[in-house]
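Input: a single structure, listed below in structure tokens.
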Amino acid sequence: MKTILAIILFTATAFAQQKTPPPPGAARPLNLPKITEKKLANGLTVVLAPLPNVPKVTVILTFRSATTASDREAHPGIAQVAASVANEGTDTRSSKQIKEELRSIGGTLGLGSDADSTTMNASSLSEFSTRLFDLMSDVAQHPSFPDDEVKLAQENTIQQIRAGRADPGFLVNERFQKAVFGNHPYSFVVPDEKSISALTRNDLRAFVTKYYIPNASHLVVVGDIDVDKTFAEIEKAFGSWKGGTVPPDENPPVPTRDKRQIYFVNRPGSIQSAIYIGNVSIPRKDKDYFAIRTANTIYGGSFYSRLTRNIRESKGYTYSPFSNSNTQAKTGSFQAGAFVRNEVTGPTLLEIFYELDRMRVLPVTDEELNAAKEFSTGNFSVELASQFGLAGRISTIYTYDLDKNFINDFRPKVESLTAADIQRVAAKYFDTYRAAIVIVGDWEKVKDQVTPFGDVTIYDSEGNVVK
Amino acid sequence: MRRYFVTCLSVLLLIANVSYSHAKPLNIPVVYYKLPNGLKVVISEDHIAPVVTVAVYYNVGFRLEPKGRTGFAHLFEHMMFQGSANVKKFEHAKYVEANGGSLNGHTDFDYTNYYQTMPSNRVELGIWLESDRMRSLDISEENLKNQQNVVSEEVRVNVLNQPYQFFEWISLWENAFTNWNNSHNGYGELSEINAATIEDVRSFFKTYYAPNNAVLTIVGDVDANEVKKMVEKHFASIPTQPMPPRADLTEPAQTKEKRVSQTDKLANLPALATGYHIPPQNSPDFPAMALLVQILQGGESSRWYQRLVKEKELTLDLSGGLNYFGNEFDYTGPMIMTTRTTYKPGHTADEVIKEMDAVIAELTSKGVTDKELADAKIRYRSNLYDQLESGQGKAHLLSALALFRDDPQQINSLLTPFENVTAAQVKAAAAKYLVATNRTVIDRTPEAKQQPKSGQ
């Protein structure tokens, strides 16, 4: 097909190559979202934010009581299995009917469970929002856990975990969570086969009745919506959901680490070492949240970070080194990592520790700090421009009981940080002295490079201690 | 998390497929023109948030890399972050991030792209950065060696140290195609990645990284007239380069089914991949084929998912697509419809294939229901909106339409051909293309192994 081209008729040589970066233009309005919070009579918190970038709607329903810790003594892993089977049948819809309904509204609906909540993420064309709300409400209130679906999910989950045990990324994450959080429920990654097999339909139904309750849940709706009309639709769909007794928080206090230790998962035949290094950090609500987040940006949480410049751009040890600050309700973890060829395993450990200690001992430069602040605030705007990004940000305010002004306060809080703040949190939480060092690789090939860094416990890919 | 910088063939952009029941027409503003040096320019204003995406797409991908240099197009992509006349090594990243943005690049079958998303008042910075490296890439031995190491680690982490080793792309393409340009390993053999010379880099840059082989796309909270002036200022004096004749990408028709068995040293479970050659994008069969893919394997309601995972309980999962690693619009050469599934121990690939074939036989005899087709169109529309939601997604589609069709305005009518597909056309497409002689099947099973007890 042809189109009409508007050719610009300037001469091509009028401008020479500019040697310095152009300065920014005048700042544009931030267009912060307009957020409306309401409550249903049954206690369900409903939060609505119009974002009509495309004619779709994105919804997150969070059950704050259904966590990894819930009911874990009797049924370890039940929150995760319940989440994976809840959308495979309700009292009035078969699994196939649910999937076909989603198809006909251009929709998606999935559940997942973690240490602090179970969430149902859903979306559809906005013209079908009432049908999406009906379906979500049905899955939240009346999942039937049909015997054949439970059995299939049990078999498939066991096989999927077996498949995952071949993947170094899965193994290194699993061992890291266990190393950092010990026996705390936060260490949970996947249930063992026995626990999965032991679950029954009745266990799952009882779990959902107890933990999927409106008075410990919040529903966030973002998209091409009219606030009043959408709220009326939600009231109709979710109004009959019965409240329950909010169960007590079942998470115990988090253990602390007292020494440096290497946890080596042996994977014979590996041609790389998958390395995670880290420690326990802070809960999401902690006052140091912004400081540790910014320290992470400078250390390894951005492309132009110290770690990337060092072990990728200078030394060529790795493709995608990284660090993360993960904060949860009770506590969090800080982790740095890289996947490197066997020959540079020891040198990589050395550089990861060097860069961690440099953050602890010396202040960051003003240039680095200002860049990290711009990085955080600029990318925050990008995040808020997507329906799922904005819905997720709003949802965490309720999951972690944050200040309701979190989104509006983000920029001033980041901008007020000093180099001393960054050094103080790095000294405290980038705790190299008590770090967990987790490596998945070929022990025979890299053991001589690893042992100088600490005492070693060796595991197989099933998680058994072998030495 | 890891793997977010400078990716190779990412699986981000699964746009899928199809049409409309009663959709409002799209009305995306598109300004399109060419500079005298041949650079295509697309500007699309969008004022919903104070951000902008600046992207450059070059009309070169894996298929055009030199023989003996598998993985070179992707290695070259990495070199584009190694500095230019006024931007030192890796400082492209510094400028973008210190100005509140994020950036990446990606190499695909038929294009290589570079993009940054930033606060919209920094738009000229993005334009300047892209112009500086298009005009004056700085290439050194030291930086080449460094990036050969980095890319080798990328191939190790994403291919060689992984179970299955990306067989649903690399092995499937090696077997399904016969023309080297299409069939070779685009991620690259380590020996060939490391054999690349500085002369290779210079020559590839001069040949393909020219304004007349690229599109510059700017999407976001900007004024199109102001942006035009910035583009003129920074790009207009970059000289045009003569273009070599395009390589012949044509593929002989397949006449016999191809079946391949492989063993895997790292995997714990068997897996299967299939690829069927599909009609070219300008074929009248193409829209029906795209909808057929949706009906067969688009999500958990699809016929293959329901048969294999739910009814017969043979496989754990099912994934795939018409262009598994992109969408219907972002490639130009021959393409296959890919399917990948992990199947359960105790079963065989033949059992899985038999069920897949039974589903095809039902389609070719009875066709699809009206409801199924209508739903497939709705799903297609919804997936298109997902891509149009972000500046980056919109820039991707606009760039592909400008690069391959010289017509980014098509973004507003993309759904029309899919909307018009009939049930009879879907049935006919199944009969014509989903035949065994048109496919390649790879069965990949774990190598028999005993887990050595480590440290003993």
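Chains as they are written, first to last, in my numbering: chain U, 1419 to 1885; chain E, 247 to 702.
The C-beta atom is built at its ideal place from N, Cα and C for all residues, glycine as well.
Review point. Quick one: Cα of E:T486 to Cα of E:D653, how far?
Key: E:T486 and E:D653 have their C-alpha atoms some 21 Å from each other.
Exercise for review: Would you check if there are 3 or more beta carbon pairs closer than 8 Å linking the region 1684–1699 of chain U to the region 1843–1853 of chain U?
Suggested key: In short, these stretches touch, since the Cβ pair count reaches three.
Practice item. Could you list which residues in chain E have their beta carbon closer than 7 Å to that of U:T1736, in chain order? Key: E399
Practice item. Could you tell me the distance, in whole angstroms, from the CA atom of E:T691 to the CA atom of E:A517? Key: 6 Å
Practice item. Mind listing the chain U neighbours of E:G347? Cutoff is C-beta to C-beta under 9 Å, in chain order. Key: E1792, F1793, G1796, N1797, V1800
Check your understanding: In chain U, what lies closer than 7 Å to E:S366 by C-beta?
Key -> R1446, listed in chain order.
**Study point:** Residues, ordered as in the chain, of the region 535–553 of chain E that lie near chain U by beta-carbon distance below 7 Å
**Key:** G545, E546, S547, Q552
Exercise for review: May I ask you to list the residues that DSSP assigns as paired with E:Y631?
Suggested key: Per DSSP, none; premise fails for E:Y631.
Practice item. Use the C-beta contact count for E:P580: other C-beta atoms within 10 angstroms, 16 or more gives buried, fewer gives exposed. Key: buried
Practice item. Report back the beta-carbon spacing between U:Y1630 and U:A1484 to the nearest angstrom; my notes put them in contact at under 8 Å. Key: At roughly 6 Å, the Cβ-Cβ gap stays under 8 Å, so U:Y1630 and U:A1484 are in contact.
Exercise for review: Leaving aside the five residues before and after U:V1672 along the sequence, list all residues of the same chain whose C-beta is less than 6 Å from its C-beta, in chain order.
Suggested key: Residues H1602, K1748, T1749 of the same chain have their beta carbon placed closer than 6 Å to that of U:V1672, with the five preceding and five following residues left out of the count.
Check your understanding: Counting along the chain, where does the alpha helix (DSSP H) carrying U:T1648 start and finish?
Key -> Note, U:T1648: alpha helix (DSSP H), 1645–1656.
**Study point:** Closest residue to E:F355 among E:F575, E:N389, E:E291 (Cα-Cα distance)
**Key:** E:F575
Point to revise | Contacts of E:E559 in chain U (Cβ-Cβ under 8 Å) | key: L1570, E1573
Practice item. Scan the region 1677–1706 of chain U and note each continuous beta strand (DSSP E) run of 3 residues or more that stays entirely inside, going in chain order. Key: 1679–1684, 1690–1698
Check your understanding: List, in order along the chain, the chain E residues whose C-beta lies closer than 9 Å to that of U:A1584?
Key -> Q408, P409, Y410, D510, L512, A513, N514, L515, P692
Point to revise | Where the alpha helix (DSSP H) through U:R1580 begins and ends | key: 1565–1582
Check your understanding: Which runs of the alpha helix (DSSP H) fall wholly inside the region 1469–1522 of chain U and span at least 4 residues, in chain order?
Key -> 1496–1503, 1513–1522
Review point. Could one say the Cβ of E:E387 lies closer than 8 Å to chain U's Cβ atoms, at least one of them?
Key: no
Check your understanding: What does U:S1688 reach in chain E if we use C-beta pairs closer than 7 Å?
Key -> Under the 7 Å cutoff, chain E gives N407.
**Study point:** C-beta contact flag for U:L1725 and U:A1692 at 8 Å
**Key:** no
Exercise for review: Could you name the residues that DSSP lists as bridge partners for E:P692?
Suggested key: E:D510
Exercise for review: Using beta-carbon positions only, say whether E:E665 and E:D510 come within less than 8 Å of one another.
Suggested key: no
Check your understanding: Helix, strand or coil for E:E431 per DSSP?
Key -> At residue 431 of chain E the sequence reads Asn, which differs from the Glu that was named. Reduced to three states, the DSSP call for E:N431 is coil.
Check your understanding: Hey, U:S1741 and U:N1714: beta-carbon distance below 8 Å or not?
Key -> In this structure, the beta-carbon distance from U:S1741 to U:N1714 falls below 8 Å.
Practice item. Using a Cβ cut-off of 8 Å (strictly closer), state whether U:Y1694 contacts chain E. Key: Not an interface residue.
**Study point:** 6 Å CB neighbourhood of U:P1383 in its chain, flanking five on each side removed
**Key:** Outside the modelled stretch of chain U, which goes from 1419 to 1885, sits residue 1383 of chain U, for which no answer is possible.
Point to revise | Proximity to U:K1677 [Cα-Cα], best of U:G1872, U:A1444, U:K1654 | key: U:G1872
Point to revise | Residue environment, U:V1664, which counts as buried when at least 16 other CB atoms sit within 10 Å | key: exposed
Point to revise | Assumed close pair U:I1576, U:L1550 - CB separation to whole angstroms, cut-off 8 Å | key: The Cβ separation is near 32 Å, so there is no contact.
Point to revise | Length of the line joining the Cα atoms of E:E435 and E:T316 | key: 6 Å
**Study point:** Segment contact, 8 Å Cβ cut-off, at least three pairs: the region 472–479 of chain E with the region 415–434 of chain E
**Key:** no
Exercise for review: Check the Cβ of E:P533 against every Cβ in chain U and list those closer than 9 Å, keeping chain order.
Suggested key: The premise fails here: E:P533 is roughly 15 Å from chain U at the closest Cβ pair, so nothing lies under 9 Å.
Check your understanding: By DSSP, does E:S267 sit in helix, in strand, or in coil?
Key -> With a pLDDT of only 45 at E:S267, under the threshold of 50, the placement of this residue in the model should not be trusted, and no figure is reported.
**Study point:** Continuous alpha helix (DSSP H) stretch holding E:N436: start and end
**Key:** The amino acid at residue 436 of chain E is misidentified as Asn; the sequence shows Leu. Per DSSP, E:L436 belongs to the alpha helix (DSSP H) from 436–441.
Point to revise | Three-state class that DSSP yields for U:M1538 in the structure shown | key: strand
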